[in-house]
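Letter 712 of the sequence shown, counting from 1, is numbered 712 in the UniProt record's numbering, and no numbers are missing.
Idealized CB from N, CA, C, for every residue including glycine.
Here is the structure we will look at.
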Amino acid sequence: MDSKIQPTLRPGSSCPRPEWPEQERAEQLARGAALKWASGIFYRPEQLTRLGQYRSREIQRNYSLEARIKSVVQSYLEGVQTGVWQLTRALEAVQGTREALSQAHHLLKGLSRTSQTLEPLRECVVQHKQLQILTRLLPRLQAVPATVAHTQTLIDAQRLLEAYVSLRELEQLKEETLTPLGGLELPIFQGLGLLAEALGQAVEAAAGAAGRLAREDPALLVAAIRVAEVETERTILGQAPRDWRQRCLRALQEGLERVHFASPVLPEPGALAGWLEALQVALPAELATAEALVAPCCPPSYRVVELWAHTLHSGLRHSVQQLLAGPELGAADTFALLHWALHVYTGKEMMGNLELGPEADVSQLEPLLTSENIEQLEAAFVAQVQVSVAQWLKKALDGEVAEWSGEQEPPTDPSGFYHSPMPAIVLQILAENIQVTNLISDSLHRRAHNMAVSELGAFLRSFSDALIRFSRDHLRGDAVAPHYVPYLLAAFNHQSALRSSVSVLLPDGEASGVLAPVEAALDDVQRRICRLVLEVLQVELQPLFSALPSRRWLLSSELLDGVCEQTSHFCQDFWRVRKPGVQLLLAEAERTVVLQYLRALMQGRLVCRGTDERSQAAERLRQDAAQLKELFLGLGLEESAHCAPVLLALRELLNLHDPTLLGLEVAGLRQQFPDVSEDHVSALLDLRGDVSREHRQAALSSLQAGPPPSPSTGRRALFSLVPTPTPSLSSCLPSGPCS
1 MDSKIQPTLR
11 PGSSCPRPEW
21 PEQERAEQLA
31 RGAALKWASG
41 IFYRPEQLTR
51 LGQYRSREIQ
61 RNYSLEARIK
71 SVVQSYLEGV
81 QTGVWQLTRA
91 LEAVQGTREA
101 LSQAHHLLKG
111 LSRTSQTLEP
121 LRECVVQHKQ
131 LQILTRLLPR
141 LQAVPATVAH
151 TQTLIDAQRL
161 LEAYVSLREL
171 EQLKEETLTP
181 LGGLELPIFQ
191 GLGLLAEALG
201 QAVEAAAGAA
211 GRLAREDPAL
221 LVAAIRVAEV
231 ETERTILGQA
241 PRDWRQRCLR
251 ALQEGLERVH
261 FASPVLPEPG
271 ALAGWLEALQ
281 VALPAELATA
291 EALVAPCCPP
301 SYRVVELWAH
311 TLHSGLRHSV
321 QQLLAGPELG
331 AADTFALLHW
341 ALHVYTGKEM
351 MGNLELGPEA
361 DVSQLEPLLT
371 SENIEQLEAA
381 FVAQVQVSVA
391 QWLKKALDGE
401 VAEWSGEQEP
411 PTDPSGFYHS
421 PMPAIVLQIL
431 AENIQVTNLI
441 SDSLHRRAHN
451 MAVSELGAFL
461 RSFSDALIRF
471 SRDHLRGDAV
481 APHYVPYLLA
491 AFNHQSALRS
501 SVSVLLPDGE
511 ASGVLAPVEA
521 ALDDVQRRIC
531 RLVLEVLQVE
541 LQPLFSALPS
551 RRWLLSSELL
561 DGVCEQTSHF
571 CQDFWRVRKP
581 GVQLLLAEAE
591 RTVVLQYLRA
601 LMQGRLVCRG
611 TDERSQAAER
621 LRQDAAQLKE
631 LFLGLGLEES
641 AHCAPVLLAL
651 RELLNLHDPT
661 LLGLEVAGLR
671 QQFPDVSEDH
681 VSALLDLRGD
691 VSREHRQAAL
701 SSLQAGPPPS
711 PSTGRRALFS
721 LVPTPTPSLS
731 SCLPSGPCS
């Protein structure tokens, strides 16, 4: 059954093996599709009866397809035939064209040979034309040398417009000959380049003297500018353009620099201020001349005033930088340069003058002095001024010190106080150097303030050292000063005057803490002077206190009368010291007397023999305290500053009749004077002469076991400055404001 349904091919219709793999694959797919279709159609037996109908239908379909294929192939073959015919005709046309081109090529070769034979004739024609043109221009060519000489004469005579017209005629004649001659330049025109350069130099020279010509011969300046402008716009055959406008502008700038800054010699030391003053007059005058006279002679595009201002600024800045690169300037020159560059130059007196107009504004240009320049100049100025100030202060101090060993007392003012011009001189020197820096800048002002504070501190240290040398030489006898104490008191007034006026050195808006080093130095000087004065008082009182306490002291006030008399005599010059210094000196003098008194009591020279002597000693302490109080009140010391009440506290310790109560009295003494020690209490108990070992031990124990002293007593140290062993002279000097 399967063999019956296989399709059959007609004889002669079998297909050859395909020539391409794609064709073979297409045939396999077609066969597969046909088999699939046939198997689907003839799957049922009842459909086999219709096999003949299907076969006939397929045969007719095949015949139809073959007919259509034959029609397509026939149409394709006809198109191929037409194309072959057209290609044949095109080939024939190409061959004809090739033959025609070959003939034309042979004809051109013949013409080339003919042209070569005509080349001499062509050259003759060209030469004939050149000769014809030269013949026509011959009269003008013959006049060229004379015209060149005449043009040079016009240039020398500064008739620039006429010279330029003549030069242009010569160059035009040269251009007329260049083209006919094929760019060949005739020898007679070889000097035109030099002639044009001579005219350019004349124009440049006129522009370089624009300021002078604008006043004396403006027509020449205008002619030069017109020549430069016209020549800049002109093009010359065979030559690079001449940019005479730029040459003019450069000449204008160089002329200005040459007038004002050409000198290579910088101002001599000290002459800088004069040089700057001359520029202060010359530069505004130059700008006014440029605006009024030069600008009308030039085109607006030149912006003459702006050009003048920028050129002058550039030249001035270059000169200033050269000046700074040279030797270091002195203080006066540095100050003059800073003030002139920062204030005068940009101020209304010069470049900031409203009459000059906005064209003269140089504020946007690089400043004359950079920030680094200003920093260096300010530092150098302050350093130089500091050296000068140090020298002036040393000179003032040397003059003051020289008077200390003189035969005359210190001078006084109308109020009777010791007075010297030295403090005023010192402050004037410092204040003037500070004040003058206000004209420059805030930074320099601050530098000057710091310098002044530093130098005043150094001066005070030198002053203190001078006082030490003065005292040492006097006490050793090397150079005895007739008025030693008065000059010390005068020095005390000096530091008081400096303290009261030192605020002038305080910068505006600054806290007073800036002057702390100076105030500390003033305190040191004050303590030094006070200590030196009290040393003299102590030396004078020491012999008087050597007999205290004693039986003579118990019976009479003669010893303390001598002390008071000597103290009163010593302090009689204290009134020549200004307040509050006099109060300080009196307080320290009173304290020194009391300390000497306490020291004498602690030496153990006297032991009371009984109740009567203890009572006498207690009464003597009361009377001595009252006498000292009266003395210093009479001298003017305020009562609140007295130290003599300590004698009244000791009186209570001596006046106590019951030794068992000594502990309470000692504890009360410690409450009043916290610096009292066991040695001091023991020395006082020895002075009583009636204290047993047990009572002594109980009293000393109460010193340690008692309540701590009140911190609000406000008492200054007394007993800590009074050692119980025999001290040296310097150990008895008080501490505090004067130690």
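Status (buried if at least 16 other CB within 10 Å, exposed otherwise) for residue i
{"i": "residue 300", "result": "exposed"}
{"i": "residue 550", "result": "exposed"}
{"i": "residue 156", "result": "exposed"}
{"i": "residue 174", "result": "buried"}
{"i": "residue 103", "result": "exposed"}
{"i": "residue 521", "result": "buried"}
{"i": "residue 73", "result": "exposed"}
{"i": "residue 59", "result": "exposed"}
{"i": "residue 766", "result": "The chain is shown from 1 up to 739; residue 766 falls before or after that span and cannot be answered."}
{"i": "residue 597", "result": "buried"}
{"i": "residue 296", "result": "exposed"}
{"i": "residue 248", "result": "buried"}
{"i": "residue 119", "result": "exposed"}
{"i": "residue 721", "result": "buried"}
{"i": "residue 223", "result": "buried"}
{"i": "residue 62", "result": "exposed"}
{"i": "residue 490", "result": "buried"}
{"i": "residue 67", "result": "exposed"}
{"i": "residue 267", "result": "buried"}
{"i": "residue 538", "result": "buried"}
Whether residue i touches residue j by CB criterion (8 Å)
{"i": "residue 590", "j": "residue 643", "result": "yes"}
{"i": "residue 385", "j": "residue 433", "result": "yes"}
{"i": "residue 420", "j": "residue 400", "result": "yes"}
{"i": "residue 245", "j": "residue 228", "result": "yes"}
{"i": "residue 719", "j": "residue 675", "result": "yes"}
{"i": "residue 316", "j": "residue 368", "result": "yes"}
{"i": "residue 749", "j": "residue 417", "result": "Because the chain here runs from 1 to 739, residue 749 falls outside it and cannot be looked at."}
{"i": "residue 617", "j": "residue 687", "result": "yes"}
{"i": "residue 290", "j": "residue 275", "result": "no"}
{"i": "residue 313", "j": "residue 365", "result": "yes"}
{"i": "residue 594", "j": "residue 646", "result": "yes"}
{"i": "residue 599", "j": "residue 608", "result": "no"}
{"i": "residue 407", "j": "residue 517", "result": "no"}
Residue closest to residue i, alpha-carbon to alpha-carbon, out of the options
{"i": "residue 658", "options": "317, 144, 31 and 695", "result": "695"}
{"i": "residue 171", "options": "145, 226 and 106", "result": "145"}
{"i": "residue 165", "options": "158, 151, 176 and 177", "result": "151"}
{"i": "residue 740", "options": "456, 381, 397 and 199", "result": "Absent from the model: residue 740. The displayed extent of the chain is 1 to 739, so no value can be given."}
{"i": "residue 443", "options": "488, 465 and 371", "result": "371"}
{"i": "residue 160", "options": "176, 120, 26 and 219", "result": "219"}
{"i": "residue 531", "options": "506, 471 and 456", "result": "471"}
{"i": "residue 413", "options": "543, 274, 578 and 366", "result": "578"}
{"i": "residue 487", "options": "405, 500 and 445", "result": "405"}
{"i": "residue 515", "options": "457, 542 and 93", "result": "457"}
{"i": "residue 279", "options": "224, 350, 335 and 652", "result": "350"}
{"i": "residue 788", "options": "635, 690 and 639", "result": "No answer is possible for residue 788: the residues shown for the chain start at 1 and end at 739."}
{"i": "residue 331", "options": "311, 389 and 342", "result": "389"}
{"i": "residue 411", "options": "158, 494 and 56", "result": "494"}
{"i": "residue 302", "options": "484, 599, 117 and 253", "result": "253"}
{"i": "residue 528", "options": "573, 542, 585 and 481", "result": "585"}
{"i": "residue 475", "options": "441, 500 and 540", "result": "540"}
{"i": "residue 526", "options": "561, 468, 505 and 480", "result": "468"}
Nonlocal neighbours in the same chain, by C-beta distance under 6 Å from residue i, ignoring five residues either side
{"i": "residue 713", "result": "Any reading at residue 713 needs caution, since the residue's pLDDT is 48, under 50, leaving its predicted position unreliable; the model's value is listed next. Correct list: empty, nothing qualifies."}
{"i": "residue 341", "result": "368 and 369"}
{"i": "residue 655", "result": "618"}
Close-in-space but distant-in-sequence residues of the same chain around residue i (CB under 8 Å, 5 per side omitted)
{"i": "residue 397", "result": "422, 459, 462, 463 and 466"}
{"i": "residue 547", "result": "553 and 559"}
Contact with chain B by residue i, beta-carbon distance below 8 Å
{"i": "residue 550", "result": "No chain B appears in the structure shown, which is made up of a single protein chain."}
Same chain, Cβ closer than 7 Å to residue i, neighbours up to 5 away in sequence not counted
{"i": "residue 89", "result": "none"}
{"i": "residue 429", "result": "389, 392 and 393"}
Only counting runs of 4 or more residues, tell me where the alpha helix (DSSP H) segments fall wholly within the segment 545-605, in order along the chain.
The segment 545-605 contains these whole alpha helix (DSSP H) runs: 551-555, 558-570 and 581-601.
Unbroken alpha helix (DSSP H) runs of length 4 or more, entirely within the segment 247-296: which are they?
The segment 247-296 contains these whole alpha helix (DSSP H) runs: 272-289.
Continuous alpha helix (DSSP H) assignments of at least 4 residues falling wholly in the segment 308-352
Here the runs fully enclosed are 331-339.
Scan the segment 374-461 and note each continuous alpha helix (DSSP H) run of 4 residues or more that stays entirely inside, going in chain order.
As far as the segment 374-461 is concerned, its whole alpha helix (DSSP H) runs of at least 4 residues are 422-436.
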